[in-house]
Each structure stands twice: as C-alpha cells, then as structure tokens.
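Residue numbers (this note's numbering): 648 to 853.
Every residue gets a Cβ at the ideal spot worked out from N, C-alpha and C, and that includes glycine.
A quick note: this is a predicted structure, and the numbers were derived from the prediction, not measured.
Here it is in structure tokens:
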C-alpha cells in the first residue's frame, strides 16, 4: 500500500518533481479539496488518498510521453484536472501546452481558476470534444469514455499522427477485445504503479 509520504517521495525521486512543482501540487490539492466540498470533482471516498489515487496516478503518464517529439498534450474529459493539471505542472517549462477539454461549465470554471492560480501554460476548452479539433499530438484520458468513442475522436478530430494514452481499470483487455477499431492501431498495455488491477493503454495513431 502506497502512503501519501511514499507518493511524494516517488514524485520527487522517480519523476523529478522539484520543490517548486511540489509546492504547486500541494496548492492544487488544497484548492481541489476546498472546491470538492461544494462540487463533486473527485469521489469523497478518495479525498484522504488524493496524493496516491489522483496525483501520483496521473504523474505516472510522464513515463510514456516523449518530451522531444511532443507538440502538445490534450486531456479529454479533464474533470478535476486529472491527469492534465499534473502534467501541466510537470511540463510548465517546456515549449508545449496542455489543453484541458471539459464539457461541464462548472468543472471548466474550476480548471480555469486553478490554472491561473498556479500560473500554468494550460488552455481550458469548455465544450464537447466531438465538435472540436484537437491539435496536440499526445492525447490522454482518465476515467473518460469507452475505447470506441475515444478512437472515433482520434480518427475524426485529431492531427494525423498522434499517440493516445488511456488509463483503464481491470477490464482494459476486455474493452480492447471488444473494440473492432483496435485492429487499425498499434498498441501496448502497461501496468499502473498505483493499482495492481489498472492498466495504461498506449496507442499509436498514424
């Protein structure tokens, strides 16, 4: 079982979050928990394990992003800012932006407010991603939609060559098996570091 102390140590030692980035994550968590009392951004049951369940869980995607080839990161269905805000904190000094797509006006308002407070290079886009163009070449999704829905966005709304990183639970392989479009994609499955049952699907879209 990973504790909050463990999670912070892993963020610093394994993922190289420096003191300023850790301060921003801390400020983010404080604001998130205050806002969560009024609005449901994260499940109340996960408030006590936010550093493991949400922060570290999101940060592990850094392992699968090539910062040299990355032109931008699009977080589909960003919700409370996972994984988008965590990636924006980490990549704040890089020459690409993180876009947060969120159709809920209430959640989008929270995201806009927190990105300003933290001074992040983020663009919050309030709207249905189905009717929007995605210019980033890295697409990330956490607790978003089923694979066929995501692949449809990949095909219809994204730049031609991109990578998709999807965070899924224990049924990841079953979902892959059911998605007929998967045969058109090269993909691999990685284990989550925060949950033995969860998987991360990495797809290449040509």
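Any chain B beta carbon closer than 7 Å to residue i
i           : result
residue 717 : In the structure shown, chain B does not exist; there is a single protein chain.
Close beta carbons around residue i, own chain, < 6 Å, minus the five adjacent residues each side
i           : result
residue 678 : 761
residue 704 : 841
residue 832 : 850
residue 711 : 812 and 849
residue 823 : 829
Rounded separation between residue i and residue j - CA only
i           : j           : result
residue 707 : residue 664 : 12 Å
residue 834 : residue 667 : 35 Å
residue 764 : residue 652 : 25 Å
residue 732 : residue 738 : 10 Å
residue 718 : residue 695 : 35 Å
residue 714 : residue 768 : 15 Å
residue 660 : residue 799 : 38 Å
residue 830 : residue 674 : 43 Å
residue 825 : residue 796 : 12 Å
residue 827 : residue 821 : 12 Å
residue 776 : residue 759 : 17 Å
residue 727 : residue 672 : 13 Å
residue 778 : residue 684 : 32 Å
residue 743 : residue 692 : 34 Å
residue 801 : residue 810 : 9 Å
Sequence-distant residues of its chain with Cβ nearer than 8 Å to residue i (five each side left out)
i           : result
residue 699 : 649, 650, 651, 653, 654 and 841
residue 709 : 662, 734 and 737
residue 676 : 697, 698 and 702
residue 844 : 816 and 817
residue 753 : 686
residue 741 : 714 and 717
Assumed close pair residue i, residue j - CB separation to whole angstroms, cut-off 8 Å
i           : j           : result
residue 669 : residue 680 : 17 Å between Cβ atoms; not a contact.
residue 755 : residue 749 : 5 Å
residue 682 : residue 729 : Not quite, the Cβ-Cβ distance comes to about 14 Å (not below 8 Å), so this is no contact.
Beta-carbon proximity list for residue i, same chain, < 7 Å, skipping 5 on both sides
i           : result
residue 857 : Residue 857 cannot be examined here, being either before or after the span of the chain that is shown, 648 to 853.
residue 819 : 836, 846 and 848
residue 766 : none
Open item on the list: Threshold first: 3 residues or longer. Then list the beta strand (DSSP E) segments lying entirely within the region 786-818, N to C.
Closed with: 809-815
Task: Touching by the beta-carbon criterion (3+ pairs, under 8 Å), the region 780-795 and the region 717-728 - done: yes
- [ ] Only counting runs of 4 or more residues, tell me where the alpha helix (DSSP H) segments fall wholly within the region 667-749, in order along the chain.
- [x] 731-737
Open item on the list: Does the region 825-838 come into contact with the region 780-790, if we say contact requires no fewer than three beta-carbon pairs (one atom in each stretch) closer than 8 Å?
Closed with: no
- [ ] Would you check if there are 3 or more beta carbon pairs closer than 8 Å linking the region 764-780 to the region 684-701?
- [x] no
Open item on the list: Could you check whether the region 804-816 touches the region 842-850, counting it as contact only if at least three pairs of C-beta atoms, one from each stretch, sit closer than 8 Å?
Closed with: yes
Task: Three or more C-beta pairs below 8 Å linking the region 802-809 and the region 777-786 - done: yes
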